[in-house]
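Novice:
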Amino acid sequence: MRPLDPRLIRRIGPARRYIVTTAVLGFATALAILVQALLISRALAPVLAPSPLTEDGLGWLGVLVPVEARNLAVALGWLGVVVTVRVVLTWTQERLAHRAGSRVISELRAQVVSHAAALGPRWAASGEGAGVATTVTRGLDSLLPYFVRYLPQLLLSATVTPIMIVVVLGLDWISAAIVIGTLPLVPIFMVLVGLTTQERSAKHLDAMQRLASRTLDLIAGLPTLRALGREHGPSARVRELGDAQRRATMGSLRIAFLSGMVLELLTTLAVALVAVTLGFRLVAGGVTIETALAVLILAPEVYLPLRMVGTHFHASADGMAAADAAFDVLERPVASPGGTAAAPTLAGATLVVEDLAVSTPDGRRLAPGRLSFSARPGTVTALVGPNGDGKSTALAAVMGLLSPDSGFVAALTPEGRVDAYDVEAAGWSEQFAWAPQRPDLGPEGRTLSLGQRQGVALERALSAGRPVVVLDEPTSHLDRASRDAVISRITAAAATGATVIVATHEEDLIAVADVVVEVTAMEVAR
Amino acid sequence: MTIRRGATAASATTPPPPRRALRALLRDSELSRGRLALSIINGSAALGSAVGLSAIAAWLIARAAGMPSPADLALAAVVVRFFGIGRGLFRYLERLSSHETALRGVVSLRARVYDRLASSPADTVVGLRRGDVLARIGGDVDAVGDAVVRAIIPLSVAVVVSGLSIGILGFLDPRAGAVLAVAILVAGLGAALLTWRSARIAAIQGVAADARVADAVLSGLEGAAEHRVWGTTGEARDALAAANAASEQAHEAQARPAALAAAVQALASGGALIACLAIAVTGVNAGLYGATTAAMIALVPLAAFEAVGAVPTATQQLFRSREAARRIVAMAPESPAPQSPASESPASRGPRDSAGAPSPTSSQGHYAVTLTDLSVGWPSATPTRPVTAHVDAGGVLAIVGRSGIGKTTLLATLAGIVAPVAGAARIGAADAHRDLLGPVVGMTAEDAHVFGTTVLENLRVARGSVTADEARDALAAVGLAAWLDALPDGLDTPLGTGGDSVSGGERRRLLLARVLLTPQPVVLIDEPAEHLDTAGRHALGAVLGRLRGEGRTVVLVTHHLQLSDLADVTVSLDD
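Chains W and F are the protein sequences, given in the same order.
Each residue of the first sequence is one higher than the one before, starting from 1 at the first, in this note's numbering.
Each residue of the second sequence is one higher than the one before, starting from 1001 at the first, in this note's numbering.
#1: State buried or exposed for residue 1171 (chain F), treating a residue as buried only when at least 16 other CB atoms are found within 10 Å of its CB.
#2: Roughly how many angstroms lie between the CA atoms of residue 475 (chain W) and residue 1314 (chain F), to the nearest whole one?
#3: Compare the beta carbon distance of residue 39 (chain W) and residue 69 (chain W) with 8 Å and say whether it is the shorter of the two.
#4: For residue 1426 (chain F), report the span of its beta strand (DSSP E) as first-last.
#5: Compare the C-alpha of residue 172 (chain W) against each of W:309, W:299, W:193, W:125 and name the closest.
#6: Please state the DSSP three-state secondary structure of residue 1347 (chain F).
#7: Under 8 Å, Cβ to Cβ, is there at least one residue of chain W near residue 1070 (chain F)?
#8: When burial is assigned at 16 or more other CB atoms within 10 Å of the CB, is residue 54 (chain W) buried or exposed?
#9: As a quick exercise: from F:1376, F:1080, F:1512, F:1217, pick the residue whose alpha carbon is nearest that of residue 1417 (chain F).
#10: Using a Cβ-Cβ cutoff of 7 Å, what residues of the region 106-121 of chain W are near chain A? List them in chain order.
#11: Going by DSSP, which residues form a beta bridge with residue 423 (chain W)?
#12: Using a Cβ-Cβ cut-off of less than 7 Å, list which residues of the region 1369-1398 of chain F approach chain W; keep chain order.
#13: May I have the straight-line CA-CA distance separating residue 1055 (chain F) from residue 1295 (chain F), to the nearest angstrom?
#14: Quick one: list the residues of chain F neighbouring residue 47 (chain W), beta-carbon separation under 8 Å, in chain order.
#15: Measure the CB-CB distance between residue 1574 (chain F) and residue 1405 (chain F) and report whether it falls below 8 Å.
#16: Between the region 265-281 of chain W and the region 1104-1118 of chain F, do at least 3 Cβ pairs fall closer than 8 Å?
#17: Output needed for residue 170 (chain W): all residues of its chain with C-beta closer than 7 Å, excluding positions within five of it in sequence on either side, in chain order.
#18: Can you list, in chain order, the residues of its chain whose CB lies under 6 Å from that of residue 176 (chain W), leaving out five sequence neighbours each side?
#19: Rounding to the nearest angstrom, what Cα-Cα distance links residue 1407 (chain F) and residue 1155 (chain F) in this structure?
#20: Please go through the same chain and pick out, in chain order, the residues whose beta-carbon is closer than 8 Å to the beta-carbon of residue 1477 (chain F), but skip the five residues on each side of it.
#21: How should residue 1022 (chain F) be labelled, buried or exposed, when 16 other C-beta atoms within 10 angstroms of its C-beta is the threshold for buried?
#22: Rounding to the nearest angstrom, what Cα-Cα distance links residue 1318 (chain F) and residue 1020 (chain F) in this structure?
#23: Give a yes or no on contact between the region 1057-1072 of chain F and the region 1031-1047 of chain F, applying the rule of three or more CB pairs nearer than 8 Å.
#24: Once DSSP output is grouped into helix, strand and coil, what is the label at residue 261 (chain W)?
#25: Any idea what DSSP makes of residue 1030 (chain F), helix, strand or coil?
#26: By the DSSP assignment, the alpha helix (DSSP H) with residue 90 (chain W) in it spans what residues?
#27: For residue 1271 (chain F), count neighbouring C-beta atoms within 10 Å of its own C-beta (all shown protein chains included) and say buried if the count is 16 or more, exposed if not.
#28: Compile a chain-ordered list of the residues in the region 383-404 of chain W whose CB is closer than 7 Å to at least one CB of chain F.
#29: Using a threshold of 8 Å, state whether the C-beta atoms of residue 304 (chain W) and residue 44 (chain W) are closer than that.
#30: Mapping the DSSP letters down to three states, classify residue 1390 (chain F) as helix, strand or coil.
#31: Give me the Cα-Cα distance between residue 109 (chain W) and residue 1248 (chain F), rounded to the nearest whole angstrom.
#32: Is the region 1084-1094 of chain F in contact with the region 324-332 of chain W, if contact means three or more CB pairs nearer than 8 Å?
#33: If we ignore side chains and look at the alpha-carbon of each, how far apart do residue 1116 (chain F) and residue 89 (chain W) end up?
#34: Mind checking the region 230-253 of chain W against chain F and listing, in chain order, the residues whose C-beta falls within less than 7 Å of any C-beta there?
#35: Which residues in the same chain as residue 286 (chain W) place their Cβ atom closer than 6 Å to its Cβ, once the five residues preceding and following it in sequence are excluded?
#36: Please list, in chain order, all residues of the same chain as residue 189 (chain W) whose beta carbon is under 7 Å from its beta carbon, the five residues on each side excluded.
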């Protein structure tokens, strides 16, 4: 996983702007930290020096903080300004980070949902499609810590760290050599530790997740166990699984925390070395107290952003993984059915389905497998057959919502035969009045029960006046009286000239159908 | 019986206030005081090393500036290097010991919560109809454990290390100590209060906004095809945009105090730095102390605020853990109703865990089921019309009616989970009661769980003593023989967690096979209302035939009038 996904910069406007502003703020922060350190050393040096200071210990950096700052009152005044600037910078950065984070999340979410919708029902039914809802809600929400904590530190390590190195180099090249010498050790050791432990911690992680999901499975099944009077059996098992999980977790943590220790150890030890070296060189007169103080205060600042990147890495890993998954969806090409020709009017047209076959997501079956039928205007066509054999999929194909693996859907119009996949998709689909099994009806519809939603969807489909009425299990939630009413409305719709296609198990509905088509799945030869 | 039902209602304890909920759960997680203390000591040693490093390095530089003999610096040089190593080392030890402490606590707590849920009244457990509510408990228990690692230990370390820094400065110059104490208090308490406020806003506004976003996302994804047909794709997009905007607004509201908290910390540490520098320089000039003391007073504040820097994150975690603890306590109350002694009801003398029960039925007697002017309903719902019916032992009673009229509630009433609104439901000679659930009555809900374990273990959920032959026989009876043959390891094939790898129809029939293997003489089956296919219908017919042959009484909720042909008595809840 890359620390900064280039796709985030390329595709998401708010992310780009945020990164630029944060880099600028990071630069300003670096400057403030630098001036603060120089001011402290200016003010403190005269009281630490055994004899009055003669030379300027800050060299060319004296441009930033003039010698007058050795006067305490001047230094304190300047420090007041610097602290105020740092407070404002901190506040601004924090506000911008939250705002940009939630903007990026919204933008990414809207793009992914709209793209996933365009990818169509077959993709949605695939394993990959199933996780999209989780990715764009809880997954993307964890991008916030990435934007608020991790990314600013990442940019600080790209601004503050190099600036501080240049400054230390300008002050005292021996200290700079220690810093520059240890700095590359940080990534090298972290990579080494990471490489040697990756396999082991992956194994531990796997064991951990397996154990956790089994424990949750036992808790989730508690109502079932209780309803059979078997709830006390797994109690000891919960503790056993928990202890096994703890051991696996500690095994992986012992390794995972090693890289953190290497990071802390190297950075703090380097600062200690700088301090000790400065001390002995001061005794030998190789460096002035003013320089030594400035270097001592600045040395930890070189490493601070790196340490913070390490600290916040884990908290933001989930968010980065979610963004990765989101971009994977966005990069999937849309293969929507349909061409460019204007769709024919389906009023009065006979719909013909020939050899229609759609493979299931696992690719093991065709459901439906080689389905052929025709549906004439003014008739009711019933698709029957076992669950999972492709009735709903066949309906979706007829409406032009998915492209089949083989076969055709066409309309026989007075002008001739028109293939559904040669014409503009929306023009074709929008001539159907569809009541699906689990109607959506938008966010407001989510407050209704499934039965209520079906009722509303059925009403909408039967009263829309569209040429083709497609109903998926229209009677599954109804009592006898409402069912009879729906069946008579279906026959009435056909009587007014609509082409009606229903998928059903309902004997009474099958009885009134003009054509009954058996939909069966086929095993794919292996 | 009515008296005992009253006792049940009284035993449903009201959850304690949230603060005590977290405290009570932490007590339940049997945290080892020794381990906790060790973690705090290690954590304080790590951050203390940073403060120590800055103090001794300041002393070293100031001393060296006086150009003493190098030998005078030797000890300080060693101590500085020690602190340089100490920070990383102690931090590593602290992370290990704190995680170990918390994980042990989580394991204890998880087992404790499971026990509580398992022994709580059946209506609590079975009434929690949705599996995901229970599954969330797992995350909530982990969140209570996180309180240890991410809140309690860092906050304790912050107190110890801040005390240490204040002590050092106070020893050198009481004025500097006082300044640092005030600044650290402002940085710590101010940030804590502001973060707490931010977390509250997130909990109130954020949760509502998240729910709205989730709805809009689901509508946009699951309803995509429908939106295309009805030409409402644009509306769905607008709904998501509006939900996103609301969510951004909620974030904005919680970001305001959070940003203020960060600013307060920057201000407090900056203020302390300025004040201590002034005190140090004027102190030397006034001849109060020497250069080394002044250097320490001026430079220690640079390192002293790292510990309180952890306060915002820790506060947030504390809030989250508190909410999680509140949910756990509400779901699994602390003092569950004691299991009624077996002697109270003759029926409950049956084995609770029937492992080794010789035959599922013969030893357990026969029970008729009688409904007398029975009207049922959950407390706030409209009760059903009164029905009267009787089925002898070994018979099948079918309950039909349209969706939502209360068929499942009637089944829950027979299971003793819901009290009747009027009339009576009798199992054998006794009123339906939750103590009968298990020993006499076994229920299979519409959404019964398929466990993430082998096929055989999933059938053993019915009875611990199910043999491989019995399992195969039951699967064959429900038409799953071919399915079983196709599985790579037969009965030992694991099914995905939650039974993901099983299709809807197969799952249904697997649950029916489980029903066949249950030992209870009274069997309640809630058939799913929709989409029962032919194979499922055949399986149900076969199961009913077998149960009838074993002399067991079946109450079946069904939607399919054809199925009522298989019943001896049919009751309709429709008006």
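Idealized CB from N, CA, C, for every residue including glycine.
Specialist: For this structure:
#1: By the C-beta density criterion, residue 1171 (chain F) is exposed, having fewer than 16 other C-beta atoms within 10 angstroms.
#2: Their Cα atoms are separated by approximately 55 Å.
#3: Going by C-beta atoms, residue 39 (chain W) is nearer than 8 Å to residue 69 (chain W).
#4: Element bounds for residue 1426 (chain F): 1422-1427.
#5: Closest in C-alpha terms to residue 172 (chain W), from the list W:309, W:299, W:193, W:125, comes W:299.
#6: Any reading at residue 1347 (chain F) is ruled out, since the residue's pLDDT is 37, under 50, leaving its predicted position unreliable.
#7: Closer than 8 Å to some Cβ of chain W, the Cβ of residue 1070 (chain F) qualifies, so yes.
#8: The residue in question, residue 54 (chain W), is exposed, as its Cβ has fewer than 16 Cβ neighbours within 10 Å.
#9: Residue F:1376 is the option with its Cα nearest to residue 1417 (chain F).
#10: Among the protein chains in the structure shown, which are W and F, there is no chain A.
#11: The partner list for residue 423 (chain W) (beta bridge, DSSP) reads W:341.
#12: Cβ contacts with chain W: none found.
#13: Note on geometry: alpha-carbon atoms of residue 1055 (chain F) and residue 1295 (chain F) lie some 8 Å from one another.
#14: Near residue 47 (chain W) (Cβ distances below 8 Å), the residues of chain F are 1280, 1281, 1284, 1285, 1291, 1294.
#15: Cβ atoms of residue 1574 (chain F) and residue 1405 (chain F): closer than 8 Å.
#16: The count of Cβ pairs closer than 8 Å, one atom from the region 265-281 of chain W and one from the region 1104-1118 of chain F, stays below three, leaving the stretches out of contact.
#17: The beta carbon of residue 170 (chain W) is closer than 7 Å to those of 59, 60, 61 in its chain, skipping five residues each way along the sequence.
#18: The residues are 168, 169.
#19: Roughly 54 Å between the two C-alpha positions.
#20: Answer for residue 1477 (chain F): 1513, 1516, 1539, 1542, 1543, 1546, listed in chain order.
#21: Buried: at least 16 other Cβ atoms inside 10 Å.
#22: Spanning the two alpha carbons is a distance of roughly 13 Å.
#23: Verdict: no, contact absent.
#24: The three-state reading of DSSP puts residue 261 (chain W) in helix, counting H, G and I together.
#25: The DSSP-derived three-state label of residue 1030 (chain F) is coil.
#26: Its alpha helix (DSSP H) spans residues 72-119.
#27: Burial call: buried.
#28: Residues passing the 7 Å Cβ filter: 386, 387, 388, 396, 399, 401.
#29: In this structure, residue 44 (chain W) does not lie closer than 8 Å to residue 304 (chain W) by Cβ.
#30: Strand, per DSSP.
#31: Residue 109 (chain W) and residue 1248 (chain F) have their C-alpha atoms roughly 12 Å apart.
#32: Taking 8 Å as the limit for Cβ pairs, the verdict is that the region 324-332 of chain W does not touch the region 1084-1094 of chain F.
#33: Using only the alpha carbons, I get a separation of about 51 Å.
#34: Those residues of the region 230-253 of chain W that come within reach of chain F (Cβ to Cβ, closer than 7 Å) are 230, 231, 232, 233, 235, 238, 239, 242, 243, 246, 249, 250, 253.
#35: Nothing listed; no residue qualifies.
#36: Excluding five sequence positions before and after residue 189 (chain W), the CB atoms of its chain that fall closer than 7 Å to its own CB belong to 262, 266, given in chain order.
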